[in-house]
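Enquirer: Structure provided below as structure tokens; questions to follow.
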Amino acid sequence: MEPICIVPAGDVCGEAATWDAAANRLYWTDINRFLLHSHDPDNGATRTHLFDRPVVALSLTDRKGWLLVALGSQLILFNPETGAREDLPAMLGGWPELRFNDGRSDPLGAFWIGSMGNNVGPNGEGLPVVDGRGTLYRYRHGGPMEEIETDIGIPNTLCWSPDRRHFYFGDTLKNEIRVYDYDIETGEIGPGRPFFAGFERGLPDGSAMDGEGYLWNCRYDGGCVVRVAPDGSIDRVIDIPAGNVTT
Numbered sequence: 003m004e005p006i007c008i009v010p011a012g013d014v015c016g017e018a019a020t021w022d023a024a025a026n027r028l029y030w031t032d033i034n035r036f037l038l039h040s041h042d043p044d045n046g047a048t049r050t051h052l053f054d055r056p057v058v059a060l061s062l063t064d065r066k067g068w069l070l071v072a073l074g075s076q077l078i079l080f081n082p083e084t085g086a087r088e089d090l091p092a093m094l095g096g097w098p099e100l101r102f103n104d105g106r107s108d109p110l111g112a113f114w115i116g117s118m119g120n121n122v123g124p125n126g127e128g129l130p131v132v133d134g135r136g137t138l139y140r141y142r143h144g145g146p147m148e149e150i151e152t153d154i155g156i157p158n159t160l161c162w163s164p165d166r167r168h169f170y171f172g173d174t175l176k177n178e179i180r181v182y183d184y185d186i187e188t189g190e191i192g193p194g195r196p197f198f199a200g201f202e203r204g205l206p207d208g209s210a211m212d213g214e215g216y217l218w219n220c221r222y223d224g225g226c227v228v229r230v231a232p233d234g235s236i237d238r239v240i241d242i243p244a245g246n247v248t249t
């Protein structure tokens, strides 16, 4: 398997790669340049939207054409075709010292997102990371932000197994991804336990789950993607021609 460059976007920190099969669009963000990209593979065109703060995560919604987007400390609904925006009553306290990071919707439609010490300055410049200030939250539409876990360095990797029985969540600074039992009836999780930790090539960034239950983890400062089996063993390592591999 060889990596293929789809869009030479020149991103500083590309994140949140999300495929919308219904719209035939690939969405992703650049945290440091405050950008949301939308790519049409049929004609090769890429549209880019500029915001006033870091664009850190996104999710598809049940509203045709609309995305849920995390901007720094706020969740919004955004239509990339029209540019329309609706602010949600979901805010992270502590901005700009704290910001949101990786996020994803669960099988029941709730949006899970982690926070961290903000490492992006007002002009997109990098700032030092303060460890242990992060929290994992869950947002159900119309409800409050629910606190799930605390004392997180950099939250990354939010994935659910194909059978919807397990939730995977990582902390980049701890070089660890943990697995939790997930209750498909209630959306609650049990205590976490080690799943994949200590891999020597870089640190865990975002991940994607395939149909066989294998976790594909991007390695920040590791130049690779690693496919991890359901038992936590390494299935394969794919080299990527980039030092910081993210999603």
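If you're matching positions, the sequence shown starts at 3 in the working numbering and goes up one per residue.
For each residue, glycine too, the CB sits at the ideal point set by N, CA and C.
Since I believe aspartate 42 is in contact with arginine 27 (beta carbons under 8 Å), could you give me their beta-carbon distance rounded to a whole number of angstroms?
Expert: That belief holds up - the Cβ atoms of arginine 27 and aspartate 42 are roughly 6 Å apart, short of 8 Å.
Enquirer: Here's the rule I'm using: 16 or more other beta-carbon atoms within 10 Å means buried, otherwise exposed. How should glycine 145 be labelled?
Expert: Exposed, because fewer than 16 other Cβ atoms sit within 10 Å of the Cβ of glycine 145.
Enquirer: Within a Cβ cutoff of 6 Å, which residues of the same chain sit near aspartate 153, ignoring the five residues on either side of it in sequence?
Expert: Gly134, listed in sequence order.
Enquirer: According to the Cβ coordinates, are aspartate 241 and cysteine 226 closer than 9 Å?
Expert: Cβ atoms of aspartate 241 and cysteine 226: closer than 9 Å.
Enquirer: Using CA atoms only, rank isn't needed, just tell me which of Glu148, Phe113, Val122, Arg167 is closest to proline 56.
Expert: For proline 56, the nearest C-alpha among the options comes from Val122.
Enquirer: In three-state terms, what does DSSP make of threonine 174?
Expert: Residue state, collapsed to three classes: helix.
Enquirer: Give me, in chain order, the residues of the same chain whose beta-carbon lies closer than 6 Å to that of asparagine 103; leave out the 5 immediate sequence neighbours on both sides.
Expert: Excluding residues within five positions, the ones whose Cβ falls inside 6 Å are Val58, Gly116, Met118, Pro157.
Enquirer: Count the other CB atoms within 10 Å of the CB of proline 130; is the residue buried (16 or more) or exposed (fewer)?
Expert: Flag for proline 130 reads exposed.
Enquirer: Determine the DSSP secondary structure at cysteine 7, reduced to helix, strand or coil.
Expert: In the structure shown, cysteine 7 sits in coil (DSSP, three-state: anything other than H, G, I, E or B).
Enquirer: Taking the alpha-carbon positions, what's the glycine 224 to glycine 172 distance?
Expert: Rounded to the nearest angstrom, the two C-alpha atoms are 16 Å apart.
Enquirer: Could you check the C-alpha separation between asparagine 34 and alanine 231 for me, to the nearest Å?
Expert: Computed Cα separation, rounded: 32 Å.
Enquirer: What's the gap between the Cα of serine 209 and the Cα of phenylalanine 201?
Expert: Spanning the two alpha carbons is a distance of roughly 15 Å.
Enquirer: Does glutamate 190 come out as helix, strand or coil in the three-state DSSP assignment?
Expert: Looking at glutamate 190 - three-state DSSP - the assignment turns out to be coil, as it is neither helix nor strand.
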